[in-house]
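Inspection log for the structure reproduced underneath, given as structure tokens.
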């Protein structure tokens with residue numbers, strides 16, 4: 002088996018590649034920074050630049066599976082220009098992959114692409130993959146365009162799957178790098194009511210889910226979340242207890258967050274309660290089903 006990974010130098014990409022190599026799989030990866038072509042030991046790096054339509058077709062040589070993680074971070078300031086970058090980085094990447102597969106006239110055994118639980122509506126309802134949501138917020142519109150562009154790749158593979166990823170818990174980046182520092186200085190608090198649901202997943206579990214999908218030829222949409230979502234109040238409390246820090250301040254008022262962040266406030270205020278039952282039914286066993294256990298081995302202190 003030989004896997005081609007896009008977005009390989011990001012948080013999830015680096016761990017997936019490390020785990021894939023440990024299993025004995027061969028790995029090629031695409032990077033938009035020429036300086037990172039030799040940055041991953043054991044992997045073969047190739048250059049691409051989706052916004053310019055540039056891709057090294059040698060990256061596909063001998064490849065049986067593709068893992069697509071390409072996409073600009075949503076954590077930047079949402080100017081009109083940056084919002085376009087968020088969408089284009091995802092859609093143009095998928096389009097460039099499609100064009101490459103046409104040029105090479107090859108079919109892959111599996112294509113697995115990242116997506117996000119931002120697809121689902123802001124609600125306390127438990128959502129699963131069969132739920133259809135009408136895109137209203139910016140993030141929902143991003144995910145809709147993202148998944149539509151990925152769906153176009155279905156004709157080039159025997160198995161196309163889309164993984165809607167929740168909040169990734171890691172001590173190497175992700176959500177903890179944003180919320181742990183204020184707690185360390187006794188400035189931590191939840192946002193709004195704090196009752197909004199947070200569907201999270203440990204970095205090891207999300208990376209192993211991608212490989213589980215490849216190894217078991219799984220098709221369709223999969224929620225990449227742990228079995229036990231928690232409220233934001235609970236998440237902040239677990240972290241404060243783990244860091245042995247008091248929570249002194251009340252929750253940050255919803256109106257203040259909207260005033261400061263405008264449209265981007267949905268990142269802090271939206272509630273997403275998402276089911277993991279589908280991936281569990283395929284035989285995947287979570288290493289970290291509980292948030293408390295997920296952070297116990299982290300070095301965020």
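Residue numbers (this note's numbering): 2 to 302. The C-beta atom is built at its ideal place from N, Cα and C for all residues, glycine as well. A quick note: this is a predicted structure, and the numbers were derived from the prediction, not measured.
Rounding to the nearest angstrom, what Cα-Cα distance links residue i and residue j in this structure?
i, j, result
"residue 24", "residue 224", "24 Å"
"residue 194", "residue 39", "46 Å"
"residue 160", "residue 64", "14 Å"
"residue 19", "residue 80", "35 Å"
"residue 108", "residue 295", "38 Å"
"residue 214", "residue 208", "10 Å"
"residue 118", "residue 246", "30 Å"
"residue 120", "residue 132", "10 Å"
"residue 62", "residue 263", "46 Å"
"residue 230", "residue 47", "38 Å"
"residue 85", "residue 75", "11 Å"
"residue 244", "residue 173", "16 Å"
"residue 227", "residue 148", "21 Å"
"residue 127", "residue 162", "21 Å"
"residue 167", "residue 261", "24 Å"
"residue 124", "residue 275", "10 Å"
"residue 266", "residue 233", "14 Å"
"residue 253", "residue 200", "21 Å"
"residue 142", "residue 43", "37 Å"
"residue 293", "residue 56", "42 Å"
"residue 72", "residue 15", "15 Å"
"residue 146", "residue 103", "21 Å"
"residue 66", "residue 255", "44 Å"
According to DSSP, is residue i part of a helix, a strand, or is it coil?
i, result
"residue 273", "coil"
"residue 198", "strand"
"residue 19", "helix"
"residue 192", "strand"
"residue 162", "strand"
"residue 291", "coil"
"residue 69", "strand"
"residue 124", "coil"
"residue 101", "helix"
"residue 253", "strand"
"residue 231", "strand"
"residue 33", "coil"
"residue 116", "strand"
"residue 86", "helix"
"residue 135", "coil"
"residue 246", "coil"
"residue 42", "coil"
"residue 298", "coil"
"residue 14", "helix"
"residue 208", "helix"
"residue 106", "coil"
"residue 186", "coil"
"residue 181", "helix"
"residue 285", "coil"
What distance in whole Å lies between the Cβ atoms of residue j and residue i, which are believed to be in contact at a cut-off of 8 Å?
i, j, result
"residue 150", "residue 91", "7 Å"
"residue 101", "residue 69", "Contact doesn't hold; Cβ gap of about 12 Å is too wide."
"residue 204", "residue 249", "Not a contact, Cβ separation roughly 30 Å."
"residue 97", "residue 54", "6 Å"
"residue 27", "residue 3", "4 Å"
"residue 176", "residue 241", "That belief does not hold up - the Cβ atoms of residue 176 and residue 241 are roughly 15 Å apart, past 8 Å."
"residue 270", "residue 192", "6 Å"
"residue 99", "residue 154", "6 Å"
"residue 60", "residue 5", "6 Å"
"residue 89", "residue 52", "6 Å"
When burial is assigned at 16 or more other CB atoms within 10 Å of the CB, is residue i buried or exposed?
i, result
"residue 182", "exposed"
"residue 83", "exposed"
"residue 58", "exposed"
"residue 206", "buried"
"residue 318", "Beyond the ends of the chain as shown, which are 2 and 302, falls residue 318; an answer cannot be given."
"residue 1", "An answer regarding residue 1 cannot be provided, because it is not within the stretch 2 to 302 covered by the chain."
"residue 286", "exposed"
"residue 217", "exposed"
"residue 257", "exposed"
"residue 186", "exposed"
"residue 77", "exposed"
"residue 29", "buried"
"residue 283", "exposed"
With DSSP as the reference, please indicate the residues paired to residue i in a beta bridge.
i, result
"residue 28", "4"
"residue 49", "56"
"residue 76", "Answer is none; residue 76 lacks a bridge partner."
"residue 224", "165"
"residue 111", "66"
"residue 203", "170"
"residue 175", "170"
Under 7 Å from any heavy atom of the ligand MG, does the C-beta of residue i make it?
i, result
"residue 221", "Ligands in the displayed structure: none, and consequently the ligand MG is not present."
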